[in-house]
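For the sequence shown, the positions run 1 to 582 when full-length UniProt numbering is used.
Glycine residues also receive a C-beta, built at the ideal position from the N, C-alpha and C atoms.
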Amino acid sequence: MGKSSKKKSGKESVFTVFDQSSPCEFFAIVSDGLDQHQQRLRLFDPTGKKIHDQDLTKDQQVLGLASGSVAAEEPASTQPKSKKARAANTLTKAVALGTSDGVLVYSLQRGSIVSTLATAQALDIVFNQQGTMAFVLSKDGALTGWDLAENMPTLEWKTDLAQPTCLSLSNDGSILAVAGLGQIQLWDITKLRNFKTFELPDTPTSLAFTPQDDCLISHDKHHVYMWNALTSNKKLKPIKTLALADSPHQDTIRSLDIVRNVHDTSVHILACTHKGEVAIWSSITDSIEKKSPLPSTWIKLVSQQQSSIRVRRAAFTKSKQPSVLLVSGSVTVPTLETVVCVDEKDKWLQTITLTRQSTETEISKQSVDQPPDDATAEKDALTANLLTALQTGEDRQVMKMLRQPSAVDQMGAVIKGLPAAFGHMLLLQILQSVESRVQQDMCLVQWLKQLVLYLNDSIKDNPGIVKRLAKLARMVGPYAEETLPRTLALQARVQMIQLQIDMRSNRAQLDEEDALAMDEDEWVSPLQNDQVLTDEDDDEALLDAVEADDMFMEEQGMDADEDMNQSVEDSDEDNEMEEASE
């Protein structure tokens with residue numbers, strides 16, 4: 001549908017929208033950042049990988065969100081001469097954000113905001129299929145048609161709707177449906193004429209035309225309505241009314257999506273409820289029935305403890321079989337997965353219950369009987385800070401904490417201390433970070449390895465993550481084979497240096513203890529005391545370590561002779577000083 005869903009939670013506003021094409025290529029979400037006065041636009045592909053992230057300025061407060069296609073910018077020499085051919089060949093995905101100051105058009109090809117349509121208080125936006133026009137609905141009920149190539153308004157008129165909410169454009173671009181308080185108006189764009197007005201008991205929250213443009217589908221809190229949208233038909237009452245259950249107040253409808261049945265002219269209708277379940281009416285026609293059907297299919301997510309996991313949004317997506325793309329989890333890191341809704345005989349399943357790890361686990365204060373030691377306190381602090389960063393969507397802060405030496409040392413304990421839901425979120429963030437730069441992020445690869453071991457049972461049923469992990473493993477393998485010998489050589493060098501430091505430290509400690517135990521009159525020269533270690537003892541032990549290390553280094557093209565000579569020279573100088581002292 002390309003239409004947005006809006007949710008307010010306290011001061012927070014969340015807007016979501018799916019890609020309008022089939023198959024669905026992205027899911028967009030606008031939510032508050034750490035600074036509640038600044039919002040962020042983030043786009044995810046169907047596997048849950050974040051593909052775009054755009055911070056909005058503080059004065060860009062979003063009122064609506066939509067998706068569509070616009071003409072892409074290409075060099076004049078490569079553009080087709082025909083305007084129609086140029087529009088068809090150069091379309092690119094776009095997201096439109098309605099704000100108090102105008103409409104921001106974000107291009108996925110450019111990865112930035114490419115234009116602004118100066119229509120104030122924009123609530124909703126729709127694009128035509130050619131990507132040449134956009135229609136904007138304002139808070140005061142005004143409608144504006146924009147020529148996207150010229151970035152200029154070409155049509156302007158005003159409706160008499162109170163409290164306008166949303167709009168939808170027919171597939172052929174000739175009819176514009178606009179909803180407001182208790183009404184839906186159908187406008188003939190060519191004549192700017194309102195030729196139909198539907199009356200409803202409640203305010204519609206979304207609209208969609210069927211693929212044939214003969215029906216308009218709307219929904220309010222409790223019902224889905226089908227309307228005759230043909231200009232020649234004067235019928236003003238709904239053709240069909242659908243409800244979630246015999247008792248319509250058991251749950252309410254949050255968002256809607258439709259898709260054409262490939263076998264006939266009927267449509268499949270999907271509703272996502274506020275309880276987080278998905279209802280599907282399959283093969284709905286515009287024929288009048290005495291009793292409207294109830295949903296033929298229900299999709300539910302439950303945790304391993306059998307508690308409900310809320311589905312935030314859902315939409316049909318193109319596949320070999322009828323499938324639905326589900327969005328669950330947190331606002332900052334949503335989880336996306338595709339679910340097939342039919343059996344082997346292409347018969348719609350009645351109930352689809354999926355067991356998943358909950359991604360909305362609340363963080364509770366830990367009560368402990370005894371004060372933790374320093375290591376436990378450090379681990380708990382790191383875990384708490386990591387949870388906070390994951391909740392607020394601060395990806396950079398998460399990566400910074402993971403790369404700290406103290407965090408690497410406590411990797412296993414921190415992962416076990418994370419709720420499984422947040423462990424899954426952390427895995428997705430690390431996977432996204434290391435996919436493009438494995439060589440610079442071997443530390444994160446270690447984190448990823450531990451997370452995969454810990455979350456194995458929950459991720460093995462997610463084909464999207466499994467494919468990404470397999471691809472990453474193929475990238476890490478050659479790099480590990482190349483760097484392992486150098487790493488082992490460096491490890492041997494470090495061990496040799498540490499051995500030398502330890503031996504000198506032990507000798508200094510023994511000298512100090514012997515000096516304290518001796519009386520001034522009974523002082524014995526170190527060279528006369530067989531129990532005191534000398535530099536020769538040091539060097540004799542070191543020679544064995546250095547010789548073994550040099551043999552290993554020579555295989556890697558490294559030479560340790562210089563360090564060895566320096567050690568011998570230091571030893572000779574010490575011997576000469578001691579002989580002079582004697």
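I want to know whether the region 440-451 touches the region 294-308 - three or more CB-CB distances under 8 Å.
No: the two stretches stay apart, fewer than three of their Cβ pairs being nearer than 8 Å.
Mind checking whether the beta-carbon of Leu386 lies closer than 7 Å to any heavy atom of the ligand FMN?
The model depicted lacks the ligand FMN and carries no ligand whatsoever.
Measure how close the beta-carbons of Ile51 and Leu43 come, nearest whole angstrom, since I'm counting them as under 8 Å.
Indeed, because the Cβ distance is near 5 Å, the residues count as touching under 8 Å.
Please determine if the region 131-145 and the region 99-118 are in contact, where contact requires at least 3 C-beta pairs separated by less than 8 Å.
With a cut-off of 8 Å, the region 99-118 and the region 131-145 count as touching, because enough Cβ pairs lie within range.
At the level of alpha carbons, what is the spacing between Ile497 and Arg507?
Near 16 Å, if we compare the C-alpha coordinates of Arg507 and Ile497.
Say whether the region 375-389 touches the region 415-432, bearing in mind that this needs 3 or more beta-carbon pairs closer than 8 Å, one atom from each stretch.
Result yes; three or more Cβ-Cβ pairs closer than 8 Å.
For the alpha helix (DSSP H) that contains Lys416, what are its first and last residues?
Element bounds for Lys416: 411-417.
How would you write the range of the beta strand (DSSP E) that Asn194 sits in, first residue to last?
That run of the beta strand (DSSP E) goes 193-199.
Measure the Cβ-Cβ separation of Ile280 and His268 and say whether it is below 8 Å.
Taking 8 Å as the Cβ cut-off, Ile280 and His268 qualify as a contacting pair.
Look up Ser323 in the DSSP assignment and say whether it is helix, strand or coil.
Correct three-state label for Ser323: strand.
State the beta-bridge partners of Asp32 as determined by DSSP.
According to DSSP, Asp32 bridges with Gln39.
If we ignore side chains and look at the alpha-carbon of each, how far apart do Pro334 and Ser174 end up?
Answer to the nearest angstrom: the Cα atoms are 36 Å apart.
List the endpoints of the continuous alpha helix (DSSP H) containing Ser282.
No alpha helix (DSSP H) holds Ser282; the beta strand (DSSP E) holding it covers 278-284.
Quick one: give me the first and last residue of the beta strand (DSSP E) that Leu186 is part of.
It spans 183-188 - the beta strand (DSSP E) in which Leu186 sits, taken as one unbroken run.
Along the chain, where does the alpha helix (DSSP H) containing Lys347 start, and where does it finish?
No alpha helix (DSSP H) contains Lys347, which DSSP labels as neither H nor E.
At which residues does the beta strand (DSSP E) containing Leu216 begin and terminate?
From DSSP, the beta strand (DSSP E) with Leu216 extends over 215-219.
Around the Cβ of Glu150, are there at least 16 other Cβ atoms within 10 angstroms (buried) or fewer (exposed)?
Answer is exposed; the Cβ neighbour count stays below 16.
Cutting at 7 Å between CB atoms, please list the residues of its own chain near Leu428, excluding the five before and the five after it.
Taken in chain order, the residues that qualify are Gly48, Val333.
Could you give the DSSP three-state label for Cys341: helix, strand or coil?
If DSSP states are grouped into helix, strand and coil, Cys341 belongs with coil.
Within this structure, are the beta carbons of Phe195 and Thr231 separated by less than 8 Å?
In this structure, Thr231 lies closer than 8 Å to Phe195 by Cβ.
Specify the secondary structure class of Gln20 as computed by DSSP and reduced to three states.
In this structure, Gln20 counts as coil in the three-state DSSP scheme.
By a C-beta neighbour count over all protein chains shown, 10 Å radius and 16 as the cutoff for buried, is Leu123 buried or exposed?
Per the 10 Å Cβ criterion, buried.
Write down the C-beta distance between Leu444 and Ser433 rounded to the nearest angstrom, noting that I regard them as a contact closer than 8 Å.
With 8 Å as the limit, Leu444 and Ser433 qualify as a contact, their Cβ atoms being about 6 Å apart.
Taking Asp257 as part of the beta strand (DSSP E), name the residues at either end of that continuous run.
Per DSSP, Asp257 belongs to the beta strand (DSSP E) from 253-260.
Can you tell which of Leu143, Phe27, Pro164, Thr265 has its C-alpha closest to the C-alpha of Thr154?
Selected option, being the one with the closest Cα: Leu143.
Bridge partners of Tyr106, per DSSP?
Beta-bridge pairing links Tyr106 to Val95, Ile113.
Going by other Cβ atoms of all chains shown within 10 Å of its Cβ, with 16 needed for buried, is Met226 buried or exposed?
Its Cβ being crowded by 16 or more others within 10 Å, Met226 is buried.
Under DSSP, the alpha helix (DSSP H) around Lys400 begins and ends at which residues?
From DSSP, the alpha helix (DSSP H) with Lys400 extends over 395-402.
Please determine, among Ile352, Gln500, Ile465, Gly182, the residue with the shortest C-alpha to C-alpha distance to Glu199.
When only C-alpha atoms are compared, the closest one is Gly182.
Thr273: buried (16+ other C-beta within 10 angstroms of its C-beta) or exposed?
Label assigned to Thr273: buried.
So, with DSSP's three-state summary, where would you put Thr159?
Of the three classes helix, strand and coil, the one that applies to Thr159 here is coil, per DSSP.
Closest by CA to Lys275, which one among Val259, Phe18, Ser328?
Among Val259, Phe18, Ser328, the Cα nearest to that of Lys275 is on Ser328.
Alpha carbon to alpha carbon, what distance is there between Ala66 and Pro211?
Spanning the two alpha carbons is a distance of roughly 19 Å.
What is the residue span of the alpha helix (DSSP H) that Phe422 lies within?
From DSSP, the alpha helix (DSSP H) with Phe422 extends over 420-434.
Quick one: residues in its chain with C-beta nearer than 6 Å to the C-beta of Ser22, no 5 flanking neighbours on either side, listed in chain order?
Within the same chain, Ser22 has close Cβ partners Lys318.
Please report the residue range of the beta strand (DSSP E) in which Leu451 lies.
No beta strand (DSSP E) contains Leu451, which is instead part of the alpha helix (DSSP H) from 442-454.
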